[in-house]
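Quick notes on the structure that follows.
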Amino acid sequence: IQRSSATPYGAWTTTTPDDNYKVRPKKNIIDIMVAHEVPYVATASVAYPEDFIRKMRKAKEKIGTKFIHIISPCPPGWRFPSNMTIKIARLAVQSRAFPLYEVEDGIYRITVNPQKVVPVEEYLRAQGRFRHLSDEEIKLIQKQVDERWWKLVKKVEESKG
């Protein structure tokens, strides 16, 4: 519920002063870990248990540092009913706001490529922490999400050699 440098742009948190919300993009922790040459880095989601378990097993087998960034939505902090937890986690992936991929020894691989991409607005509007955002701000977030996705796709292609 606390704001951090990994908090998404536009999010309200319990430590957000007054009615201000985060106006800077979140840091890409995966890129930071890759820059440190961590042998295995991945993202995972509670909404995709097979992918999650496969990555945990792979990390367990790797020698050296491993880092897995997991999205597990927080109903009270993100302001949505608890019965929506898996749906919110799935929307994060389907909107490409939280892509599922891994970087193994510098090789990028997308592990879940959404068959049907949903607008990031669908993911954001499902959460109270983003309810204050204007349509223009949501368009900006969509642009940022799209740019990050295509940068990831480019990294996948470039790392194939």
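To get the working numbering, take the position in the sequence shown, counting from 1, and add 1. C-beta atoms are modelled at their ideal positions from N, C-alpha and C, and glycine is treated no differently. Keep in mind it's a predicted model, so treat the numbers as computed, not measured.
- Message: For Gly107 and Pro115, I'd like the C-alpha separation in whole angstroms.
- Response: 23 Å
- Message: So, at 8 Å on beta carbons, what are the nonlocal neighbours of Pro76 in its own chain, with the 5 sequence-adjacent residues on each side left out?
- Response: Pro82, Ser83, Met85, Thr86
- Query: In or out: Ile89 buried (at least 16 other Cβ within 10 Å) or exposed?
  - Reply: buried
- Message: Could you check whether the region 44 to 58 touches the region 95 to 106, counting it as contact only if at least three pairs of C-beta atoms, one from each stretch, sit closer than 8 Å?
- Response: yes
- Item | Cβ pair Ile72, Ala93 closer than 8 Å | yes
- Query: Glu105 bridges to which residues according to DSSP?
  - Reply: The partner list for Glu105 (beta bridge, DSSP) reads Tyr41, Ile108.
- Applying the criterion that 16 or more other CB atoms from any shown protein chain within 10 Å of the CB defines a buried residue, is Asp52 buried or exposed? Flag for Asp52 reads buried.
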